[in-house]
Structures are given as C-alpha cells and as structure tokens.
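All remarks here apply to the structure that follows.
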C-alpha cells in the first residue's frame, strides 16, 4: 500500500494472519523473524509490540534483508528499503521462509555514504 499503513501495521497484520486461530493458527514458537541489521524500528516492533523473543529475531546484512539486495552499497538507484522475513520451523530442524515484508522507505541516489533518502 502507498501511504495507508507502514511497518507497524504490516508486521502486526502478517503476524496476526499467521498465528491467530481465526486464520492459519500457527504456533508462535514455530516462527522466527529476520530484520535488516540497521532497522531498529522493525526490530523494536517485533520485540516490544508483537512479543517475539530476542532469540527468535536475527539481524541480517543488505545482501539478505534489503530490497533490491545490496542496494545501499551497490545500487541500483531508485526506490529501495529494508526487509523483514518470517520463517516457519519444521520438525526436522529446517526452516522455510513464508513471508517477506518489504519496506520501500528510501530512494537511493548515488554512491554511499548518505545515498539513501526518505
């Protein structure tokens, strides 16, 4: 959506859809999340507002949790932003990415530093 909602609502709605018995009813302890390493806002929402424990939140670099991948350092110029992914943990110990929230909050212009503009 453009301008109607952003990180907090998107995160809450994704979590509610996955975990609420009215929808998919996945047990929260079967899920973990990732955030872009510098995205303290998303980390705080997952931790403080949704209640995901620190042990189930992983900070990842721009190759893994930014769209397009590596945009801050390598480009291309244009709309970009951090991602937050949700993983489902299987009984055999493996995990599957089931949701990717992309927060297109920046416009990349030129080379680092100071190349990401709101």
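In the numbering used here, the protein residues as written are 221 to 338.
No residue lacks a Cβ here, since even glycine has one placed at the ideal position from N, Cα and C.
Quick caveat: nothing in here was measured; it's all calculated off a predicted structure.
**Prompt:** With 16 other CB atoms within 10 Å as the buried threshold, where does residue 272 fall?
**Reply:** buried
**Prompt:** Leaving out five residues before and five after residue 324 in sequence, what residues of the same chain have Cβ atoms less than 6 angstroms from its Cβ?
**Reply:** 299 and 301
**Request:** Reducing DSSP to helix, strand and coil, say where residue 231 ends up.
**Result:** helix
**Prompt:** Just the Cα atoms here: how many angstroms apart are residue 246 and residue 296?
**Reply:** 37 angstroms
**Request:** Pull up the DSSP beta-bridge partners for residue 279, would you.
**Result:** 255
**Simplified DSSP assignment, three categories, for residue 248** = helix
**Message:** Going by DSSP in three states, residue 319 sits in which element: helix, strand or coil?
**Reply:** strand
**Request:** Return helix, strand or coil for residue 336, following the three-state DSSP convention.
**Result:** strand
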